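See structure below.
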């Protein structure tokens, strides 16, 4: 017993250090697992609140550019809407359009953006209260941004596509060959499409869109264009989005997600 | 003497806010950031009881982590340099624990301070970037990041030190 107490006396700092380092290491490892890290992240109320204040200042200074982007988006949506109303009134019954809505869009704003690490996360200003839960798609009008990761009452954390854990189903616009979208952490403007079937024919400049084979992303959201064929069936893709300059985003809620998942479980 | 805790807590919170709101957004060449918050470890008074410095270092790192969504990597690196600080103190300044009371960092020669800070900074950055990378791939990336960020941190630290110490004299 005396020996034990003496041992603790002698190495008390070393043991305390070991204790603290183990906590830190535990948190680090937890953070690498998908939606586990609840406490030490930018979704808690203090950090989220401070980021919201700062982002308020930031958006005020960027109002001009934001407005331009919104006008452009409005224009795009109006065009689409007018096309849609044409087809609806001509061809389909209105009932099926109203009652078979599959996706719901929730608008939000990015409070914190990062793109320089190997595992990047964004913080957005919508949470449980607004109907956002984990594993929902996040896009903006140019293309995909990421997938929600964990949520608090008012904020949510988004796993960016610039994250080594990120794997998203994507395909070519002009054919149905699909692959997995990953990131090799080198450049924040290019991502990689891997596991493409060998018989897929494509050219530099082809457009890549999301494949819609998962329950998260709807089909046809633009991703980027092919810039080079590299070896071992992976290709480099230049993103349509400038990931270092993101403002407003949409979170996509899939009403059929549970149904699909239940079906796949059986 | 009673002013010291207030001064330190002010520095603690000030450094966190400075790091999180300003410096984390610099991203020179896309990825290089200074991590100036570790200067708290350099500034903290040397004492025989090392529990306060270890705890504070851990909390400081944890605060930075929770703002930058990085798990516990800053906490790990910062606690580690807080632990090894006294050993390098003995080696670099050639002093023993008896001198802790009367020691002041800015009364030492620049060369010694430089060695002390450089060693601790590079230790911290190396641990930080290895943990952030979290794999043995891209090791070259880790080393270049460490050197570039380290140089940036040290430049900022010495500049800041120079400016602030001048003010106190006048």
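Residue numbers (the working numbering), protein chains in the order written: chain Y, 42 to 307; chain E, 5 to 174. Just so it is clear, CB atoms sit at the ideal spot from N, CA and C, and this is done for glycine as well. The structure presented is a predicted model; accordingly, all values stated were derived computationally and were not measured.
For residue 223 of chain Y, the uninterrupted beta strand (DSSP E) segment begins and ends at 219–223.
Annotation: the continuous alpha helix (DSSP H) that includes residue 55 of chain E extends over 55–72.
Residues of chain E with a Cβ closer than 8 Å to the Cβ of residue 67 of chain Y are, in chain order, 76.
Counting only the Cα atoms, residue 224 of chain Y lies some 7 Å from residue 207 of chain Y. Per DSSP, reduced to three states, the secondary structure at residue 302 of chain Y is helical. Flagged as an interface residue toward chain E: residue 157 of chain Y, by a C-beta distance shorter than 7 Å.
Note: residue 147 of chain Y is bridge-paired with Y:292 in the DSSP secondary-structure output.
When the beta-carbon positions are compared, residue 61 of chain E and residue 131 of chain E stay at least 7 Å from each other.
With a beta-carbon spacing of about 6 Å, residue 253 of chain Y and residue 259 of chain Y fall inside the 8 Å limit used to define contacts. In the assembly as shown, residue 47 of chain Y is an exposed residue. Its beta-carbon has fewer than 16 other beta-carbons within 10 Å. In the three-state DSSP reduction, residue 136 of chain E falls in the helix class (H, G or I). As the crow flies, the alpha-carbon of residue 280 of chain Y is around 20 Å from that of residue 242 of chain Y. In the pairwise beta carbon analysis, the stretch 203–217 of chain Y is classified as not touching the stretch 17–33 of chain E: fewer than three pairs are separated by under 8 Å. Contiguous alpha helix (DSSP H) elements confined to the stretch 83–112 of chain E do not occur, taking only those with 4 or more residues.
Chain E has no Cβ within less than 7 Å of the Cβ of residue 284 of chain Y. By the Cβ criterion, the stretch 85–92 of chain Y is not in contact with the stretch 85–94 of chain E, since fewer than three pairs of Cβ atoms, one from each stretch, lie closer than 8 Å. The beta carbons of residue 167 of chain Y and residue 289 of chain Y sit no closer together than 7 Å. Apart from sequence neighbours up to five positions away, the residues of its chain that approach residue 152 of chain Y with a beta-carbon distance below 6 Å are 92, 93, 96, 164 and 166, ordered along the chain. The beta carbon of residue 8 of chain E lies closer than 8 Å to those of 49 in the same chain, with the five residues before and after it left out. Chain-order list of chain E residues neighbouring residue 144 of chain Y: empty, with the shortest C-beta distance near 27 Å, by a criterion of under 8 Å. Contact between residue 115 of chain Y and residue 291 of chain Y is ruled out by a C-beta separation of about 14 Å, above the 8 Å threshold. In this structure, residue 42 of chain E places its C-beta atom within 7 Å of the C-beta atom of residue 128 of chain E. For the pair residue 177 of chain Y and residue 294 of chain Y, the CB atoms are nearer than the 7 Å cut-off. Taking 7 Å as the cut-off, the beta carbon of residue 169 of chain Y is found closer than this to the beta carbon of residue 192 of chain Y. In the three-state reduction of the DSSP assignment, residue 52 of chain E falls in the coil class, being assigned neither a helical nor a strand state. Residue pairing by DSSP puts residue 210 of chain Y in a beta bridge opposite Y:221. DSSP places residue 200 of chain Y in the uninterrupted beta strand (DSSP E) bounded by 197–204. Residues of the same chain with a CB within less than 7 Å of the CB of residue 74 of chain E, apart from the 5 flanking positions on each side, are 136 in chain order. Taking the beta carbon of residue 58 of chain Y as reference, the chain E residues within 7 Å of it are 58, 83 and 87, listed in sequence order.
Of all C-beta pairs linking the stretch 110–125 of chain E to the stretch 146–164 of chain E, three or more are shorter than 8 Å, placing the two stretches in contact.
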